[in-house]
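Residue numbers (the UniProt record's numbering): 1 to 661. Read through the structure below, which is laid out as structure tokens, and then see the notes.
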């Protein structure tokens, strides 16, 4: 019997070893799946949201780099001479609810668990906003209480979540461990939930582009001054803009960034997810058709819709857009919207679809591609059939050509009509010496142009026989610049001074303000109420009351209407009314202590009642009664010290009049 027991224990021991190995394999596989993000294909994956695409979120299936910061669970076996197996159920709802304090705070967001304990003090809205959700599902709160209130959190908030990731609710990880017991087969379970250390990942620099590569934007895209989502936003590039890679790559905020010099407009750093290599389309060489064997058989009215309709397959696709015919066969594979969007309309008039595209017009870049695929006009013969009695006289050269920019991407042309012995059929329009289109009337709109660019145009006339006049005198125009809204106010004016120059006028002056665009003028306030404006740094306030104190402030404003804060206030008191003037001889008669007048700064003061209050004594004033005491008053009897501002403030009380020289 003892041999049977021994055999049984040996078999049991090997079974436990096998189970341990299998369990360890399952644990390792589970950990690898969690790190790679392949644990459960049914678990919803939150897409990365990024402000680097100002129109739409990136494709959730894109290859954006992930920040690996996994938090795993581990178990420890309690060895007390028993066979112990740790079968730890991690992240159950009950388990999560225990992490409900500010020092130990777990949240569920979109079916994922995050330990945000270390983040609470960093939260821009304060820790008190998060604490009530500790140990609970905070999905709704996270998606409806962002920084702007009543809306989703920002892309930056979403980018932080992987840093605090713990796991997924209701996931079981079995980690078997064994300890041989000689006394019992009791199984004891011990649960210890810990955090794993974030693995160190060495990033291989992106090789998507090389310096000097030509690239094109695949979406509207933000351009920044540094390779970081917190860098200064310099501007945006629209879908289809092209440029050249000048430096990079730099890895930041989960993205690879490249510095791009765009062909026009603002340059700077952009994420590579919305850039692709750009190869300029090869412009086909259009051979001049032999008159006796024209390439396209046309009626005298041009390419007919019936003729266009025969080019209705993917390998031979013509479209009518705005009464012009285009062979887009070679373009279809490059169409951002896919081949099928075009192939279903081959041989038809696609004007409505092209100009509205489900309610949105195509970009100026799309318009700029059209001349590359131009074949001819509907209703205007571009390859006329010769007649037995050929017309050999060309029309007269067009005159009076004018070119005017009407936007940042369009220039309109007009000219005086040409004449012909038979009749003018139309006009050829040239930009920089290269034909870009035709017109059956005396006007043409060149669209899809870059902003702030200069273009030169000429026009020639042609007739039904194919005779073409010489080109007109050239005219140039520059597309408008994109207007950037000025939202920055000028600096606050400084150095304000206020001085009374009469009994009814106070003059103001101050130091000029500065502005990012330019200061237009200044607003003047008296007692907090605006009383006028000034284009310069001074102002005269007239019509004031006698011997009255007024307080002033000044603010600066620019052409956009931005106004600075008001300056520090300054006050001044108007002079007493000068009802009487006196000569020095008249003042000299008031020369006693009981009738003492003084001249100070060309004004006459009766200081008789003040003498007994004078801090320097009566005699200091009495000896100067009836004289000009300006020098003594302003230098304190020549001692080199002027009287105090308080002494000056007393003078208006004793004012009599002004001195007449």
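Don't be surprised by glycine CBs; every beta carbon is placed ideally from N, CA and C. Keep in mind that this is a model prediction, so the values were computed, not measured.
Jot down the residue ranges of each uninterrupted alpha helix (DSSP H) in the UniProt domain "Cytochrome b5 heme-binding" (579–660), minimum 4 residues, whole runs only, in chain order.
For the UniProt domain "Cytochrome b5 heme-binding" (579–660), whole alpha helix (DSSP H) runs of length 4 or above, ordered along the chain, are 584–588, 618–622, 630–635, 645–650.
Would you decide whether residue 602 is buried or exposed? Buried here means 16 or more other CB atoms lie within 10 Å of its CB.
Residue 602 is exposed by the Cβ-count criterion.
Would you call the segment 448–464 and the segment 365–373 touching, i.e. three or more CB-CB distances under 8 Å?
In short, these stretches touch, since the Cβ pair count reaches three.
Leaving out the 5 sequence neighbours to the left and right, which residues in its chain are closer than 7 Å to residue 607 when beta-carbon positions are compared?
If the five residues before and after residue 607 are omitted, its C-beta is found closer than 7 Å to the C-beta atoms of 596, 598, 621, 654, all from its own chain and listed in chain order.
For residue 314, name the three-state secondary structure that DSSP assigns.
Per DSSP, reduced to three states, the secondary structure at residue 314 is coil, with no helix or strand assignment.
Rounded to the nearest angstrom, what separates residue 96 and residue 154 at their Cα positions?
When rounded, the distance between both Cα atoms is 26 Å.
Could you tell me which of 490, 584, 157, 492 sits nearest to residue 230, measuring between CA atoms?
The residue with the shortest Cα to Cα distance from residue 230 is 157.
Taking only the alpha-carbon atoms, compute the straight-line gap between residue 377 and residue 266 and give it to the nearest angstrom.
The alpha-carbon atoms of residue 377 and residue 266 are separated by roughly 37 Å.
Check whether the Cβ atoms of residue 492 and residue 565 sit closer than 8 Å, and answer yes or no.
By the CB criterion at 8 Å, residue 492 and residue 565 fall inside the cutoff.
Alpha-carbon spacing of residue 664 relative to residue 318, whole angstroms:
Because the chain in this structure spans residues 1 to 661, residue 664 falls outside the shown range and cannot be described.
Can you tell me where the beta strand (DSSP E) with residue 130 in it begins and where it stops?
If you look at residue 130, you'll find it isn't in any beta strand (DSSP E); DSSP assigns it neither H nor E.
DSSP has residue 435 in a bridge; who is on the other side?
Within the DSSP secondary-structure output, residue 435 pairs in a beta bridge with 430.
Pairwise C-alpha distance: residue 413 and residue 406
When rounded, the distance between both Cα atoms is 10 Å.
What residues in its chain sit with their C-beta under 8 Å from that of residue 652, if we drop five residues either side in the sequence?
If you ignore the 5 residues before and after residue 652, its C-beta comes within less than 8 Å of the C-beta of 547, 573, 575, 576, all in its own chain and listed in chain order.
What residue range does the beta strand (DSSP E) around residue 475 cover?
Where residue 475 is concerned, the enclosing beta strand (DSSP E) stretches over 475–478.
Would you mind working out which of 612, 658, 569, 214 sits nearest residue 510, comparing C-alpha positions?
Per the Cα distances, 569.
Quick check: what's the CA-CA separation for residue 326 versus residue 375?
The C-alpha of residue 375 is placed about 5 Å away from the C-alpha of residue 326.
Straight-line CA distance for residue 476 to residue 250?
Residue 476 and residue 250 have their alpha carbons spaced roughly 42 Å apart.
Limits of the unbroken alpha helix (DSSP H) element including residue 160:
Start and end: 155–160.
Quick one: grab the DSSP three-state call for residue 205.
Coil at residue 205, not helix or strand.
Taking residue 665 and residue 429 to be in contact with their CB atoms under 8 Å, please state how far apart those CB atoms are, rounded to whole angstroms.
The question about residue 665 has no answer, for the chain in this structure spans 1 to 661.
Quick one: any contact between the segment 479–493 and the segment 415–429, if contact means 3 or more CB pairs under 8 Å?
Contact between the segment 479–493 and the segment 415–429 is absent, because fewer than three Cβ pairs lie under 8 Å.
Do you know how far the Cα of residue 561 is from the Cα of residue 649?
A straight line joining the alpha-carbon of residue 649 with that of residue 561 spans about 40 Å.
Cβ-based burial, residue 543 [other Cβ within 10 Å; buried from 16]:
A residue is called buried when at least 16 other Cβ atoms come within 10 angstroms of its Cβ; residue 543 does not meet this threshold and is exposed.
Hey, could you find the ends of the alpha helix (DSSP H) residue 342 is sitting in?
Counting along the chain, the alpha helix (DSSP H) containing residue 342 begins and ends at 339–343.
Roughly how many angstroms lie between the CA atoms of residue 163 and residue 235, to the nearest whole one?
Each residue's CA atom was taken as its position, placing residue 163 and residue 235 some 30 Å apart.
Host alpha helix (DSSP H) of residue 355 (start-end):
Per DSSP, residue 355 is one residue of the alpha helix (DSSP H) stretching across 351–356.
In the structure shown, what three-state DSSP assignment does residue 457 receive?
Looking at residue 457 - three-state DSSP - the assignment turns out to be strand.
Which one of 142, 437, 432 has the shortest CA to CA distance from residue 426?
Residue 437 holds the alpha-carbon nearest to the alpha-carbon of residue 426 among 142, 437, 432.
I need the DSSP call for residue 412, collapsed to helix, strand or coil.
Of the three classes helix, strand and coil, the one that applies to residue 412 here is strand, per DSSP.
Give the range of the beta strand (DSSP E) segment to which residue 143 is assigned.
Bounds of any beta strand (DSSP E) do not take in residue 143; it lies within the alpha helix (DSSP H) bounded by 139–144.
Between which two residues does the alpha helix (DSSP H) carrying residue 370 extend?
First-last for residue 370: undefined, no H or E at that position.
Any beta carbon of chain B sitting closer than 8 Å to that of residue 365?
Note that chain B does not occur in the displayed structure, where there is just one protein chain.
Please state if the CB of residue 243 and the CB of residue 255 are separated by a distance shorter than 8 Å.
At a Cβ-Cβ threshold of 8 Å, residue 255 and residue 243 do not count as neighbours.
C-beta atoms of residue 219 and residue 233 nearer than 8 Å:
By the CB criterion at 8 Å, residue 219 and residue 233 fall outside the cutoff.
With which residues is residue 532 paired in a DSSP beta bridge?
Residue 532 is bridged to 524.
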